[in-house]
Structures are given as structure tokens and as C-alpha cells.
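No gaps in the numbering here: position 77 of the sequence shown is 225 in our numbering, and each next residue is one more. Just so you know, even glycine gets a beta-carbon here, dropped at the ideal spot from N, CA and C. In this text the structure is predicted, and so the values were computed from the model without any measurement. Heads up: the structure comes next, in C-alpha cells.
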Amino acid sequence: MPRTFCLLNHALTQNQLAELGEKFNSTDVVYPEKNLAGLWAQIPPEKSNEEVVESVVSWLKNNAAPGDLFIIQGEFGSTFTLVDFALKNGLVPLYATTRRIAKESRNGETVHREYIFEHVCFKKYRYFKIQ
Numbered sequence: 149m150p151r152t153f154c155l156l157n158h159a160l161t162q163n164q165l166a167e168l169g170e171k172f173n174s175t176d177v178v179y180p181e182k183n184l185a186g187l188w189a190q191i192p193p194e195k196s197n198e199e200v201v202e203s204v205v206s207w208l209k210n211n212a213a214p215g216d217l218f219i220i221q222g223e224f225g226s227t228f229t230l231v232d233f234a235l236k237n238g239l240v241p242l243y244a245t246t247r248r249i250a251k252e253s254r255n256g257e258t259v260h261r262e263y264i265f266e267h268v269c270f271k272k273y274r275y276f277k278i279q
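Here it is in C-alpha cells:
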């Protein structure tokens with residue numbers, strides 16, 4: 149049974165956990181330690197992302213096995229690099245798709261907009277195949 153390594157800025161919801169069990173046969177979710185999660189959540193835009201990426205790769209190399217799932221979303225360049233790593237090393241990288249629901253209210257000249265993100269499903273990252 150594959151384990152799921154989760155690199156998001158939040159814990160998975162009950163619906164997401166249920167989908168992992170039903171669709172991917174995975175009930176064991178592994179989150180990074182607090183320090184690594186903090187690095188992932190705050191990648192400085194003006195600096196190189198190499199230190200963070202290397203830390204995540206080390207976490208995966210020390211804990212994950214081929215066939216394990218890897219949920220990843222975040223800073224685009226680092227996510228791209230880590231998805232590439234996962235695909236080349238037998239992990240199954242996933243991302244969550246959501247439905248965005250906008251709610252808007254007005255108070256005089258002030259407009260307040262709130263977005264609610266509702267989980268739809270996980271999808272696999274894949275390389276594009278030219279035919």
C-alpha cells in the first residue's frame with residue numbers, strides 16, 4: 149500500500165483523505181517536519197530555491213519509496229523541479245484541483261470578495277508525450 153507524502157501549506161481535508169484511500173489505496177499520509185514545512189511555505193522570491201528543493205529531495209530520498217504518492221503544490225519553479233524529481237524516481241506526483249466559488253458583498257463604495265476553494269479531485273502530474 150503506497151504512502152502519501154504531502155507538501156502543501158495546509159493539512160489535507162477529510163474529503164481529500166477519503167479520495168486518497170478510495171482512488172489511490174493510500175491511507176498513510178506523511179507530512180514534513182515543521183522546519184521543512186516552514187521553508188516550503190515561505191520560499192523567498194528574491195533568492196534561489198535550491199536549499200529548499202534540496203531539503204525536500206533529502207526528505208523524500210530518506211523516507212519515500214517508488215510507487216509512493218507525492219502531493220505537491222506551491223512556488224511554481226520549486227514545484228516544477230520536485231515534480232520532475234518525483235517522476236524520474238518512481239514517485240507518483242499529484243496536485244489537487246479545486247472549484248473556486250466567489251462571494252461578493254457591497255457596503256457603500258466598498259466591495260468585499262471572498263473565495264471559497266472546494267476540493268474536486270487529485271490529478272497526476274505527467275510528462276507531455278508528443279505523438
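Here residue 240 is buried. Its C-beta has 16 or more other C-beta atoms within 10 Å. Between residue 259 and residue 211, the C-beta spacing is not below 8 Å.
Remark: C-beta atoms of residue 272 and residue 242 approach each other more closely than 8 Å. With contact defined as three or more Cβ pairs closer than 8 Å, the stretch 161-176 and the stretch 191-206 are not in contact.
By the C-beta density criterion, residue 232 is exposed, having fewer than 16 other C-beta atoms within 10 angstroms. Distance from the CA of residue 216 to the CA of residue 257, rounded to the nearest whole angstrom, comes to 51 Å.
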